[in-house]
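The structure appears below as structure tokens.
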Amino acid sequence: MAISTYSELKAALTNWSKRTDLSTVLGDFIALAEARIQRSLLSRAQEVETELTMTPGSRYVALPADFDSPVALWLKANLPREQLPQLLPEHLCGSNTSGYPEAWGIDGESIAFDKPASSAWAVDFRYCKPLALSDSTPTNYILTNYPDVYLFGSLVELHGYTFNDEKSAMAEARFQSALRDASDAEHASKTGAVLMTDVPGSLRHNTFNIIRGY
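Each residue of the sequence shown is one higher than the one before, starting from 2 at the first, in this note's numbering.
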């Protein structure tokens, strides 16, 4: 059967495990698998970019509601936009003098900059969204393109729940294989970008990532 939606994934878990008494916890197994997938596999489809605006006199900008992990941030005060380096929040100087931001970090539920903004600077923030299949969000890029990752990751959790160590180990081996294949495929799709030998001046504060192309 096809495994392309949340309900189809639940049905597949029932079929593969031959257990019809776990319907109320299938969602838990999928959510636990998603947490592992999120840590192991970052796909291009999870990355989104949005424009945020700094508030004059403040160092902080609220993170998007669907934020999971950061990728990059660009200041748009000039063209071309300038990529700013990400630092740990404790390494930001925290100046009280408003000015032109030169670094940023994730601090709790906010993006923190090294100093308060002297103007309503616009920034482009690129980040990864979380994986969160549900009845209202029945599919996503990973499930569509790599259903085996979801299936075997969820079976690991299911067999762990039923204390079947042998089947859990078998599912884990297939899960790791599926993750490797998916990771290789995602890597190949990103390395098609043109390799730049002269890194633009706008990237002078940060490390150029060959895979992402910036």
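We treat Cβ as the ideally placed atom computed from N, Cα and C, and that holds for glycine.
Counting C-beta neighbours from all protein chains within 10 Å, is the total for residue i 16 or more, i.e. buried, or is it exposed?
i: residue 55; result: buried
i: residue 3; result: exposed
i: residue 115; result: buried
i: residue 40; result: exposed
i: residue 128; result: buried
i: residue 181; result: exposed
i: residue 187; result: buried
i: residue 200; result: Residue confidence for residue 200 is low, a pLDDT of 38 falling below 50, so the modelled location carries little weight and cannot support an answer.
i: residue 148; result: buried
i: residue 57; result: exposed
i: residue 26; result: exposed
i: residue 91; result: exposed
i: residue 89; result: exposed
i: residue 213; result: Per-residue confidence for residue 213 stands at a pLDDT of 42, beneath the threshold of 50, marking its modelled position as unreliable; no derived number is given.
i: residue 164; result: exposed
i: residue 36; result: exposed
i: residue 211; result: Here the model assigns residue 211 a pLDDT of 40, short of 50, so the residue's position is not dependable and the matter cannot be decided.
i: residue 206; result: For residue 206, the predicted structure reports a pLDDT of 40, less than 50, and the residue's modelled location is therefore unreliable. A value from the coordinates is still provided. So residue 206 ends up on the exposed side.
i: residue 170; result: exposed
i: residue 167; result: exposed
i: residue 135; result: exposed
i: residue 19; result: exposed
i: residue 13; result: buried
i: residue 50; result: exposed
i: residue 66; result: exposed
Based on DSSP bridge pairs, tell me the residues matched to residue i.
i: residue 75; result: 84, 125
i: residue 57; result: 118
i: residue 113; result: 61, 106
i: residue 70; result: 129
Taking 8 Å as the cut-off, decide whether the C-beta atoms of residue i and residue j are in contact.
i: residue 87; j: residue 105; result: yes
i: residue 139; j: residue 8; result: yes
i: residue 146; j: residue 132; result: no
i: residue 76; j: residue 124; result: yes
i: residue 38; j: residue 154; result: yes
i: residue 10; j: residue 101; result: no
i: residue 81; j: residue 107; result: no
i: residue 69; j: residue 130; result: yes
i: residue 59; j: residue 117; result: yes
i: residue 111; j: residue 172; result: no
i: residue 126; j: residue 93; result: no
i: residue 99; j: residue 119; result: yes
i: residue 15; j: residue 6; result: no
For the beta strand (DSSP E) containing residue i, list its first residue and its last residue.
i: residue 107; result: 105-108
i: residue 50; result: 48-54
i: residue 4; result: Element bounds for residue 4: n/a, residue is neither H nor E.
i: residue 133; result: Counting along the chain, residue 133 falls outside any beta strand (DSSP E), and DSSP gives it neither H nor E.
Going by DSSP, what residue range makes up the alpha helix (DSSP H) through residue i?
i: residue 100; result: Careful: residue 100 lies outside any alpha helix (DSSP H) and carries neither H nor E.
i: residue 140; result: Here residue 140 belongs to no alpha helix (DSSP H), and DSSP marks it neither H nor E.
i: residue 158; result: 148-162
i: residue 35; result: 27-41
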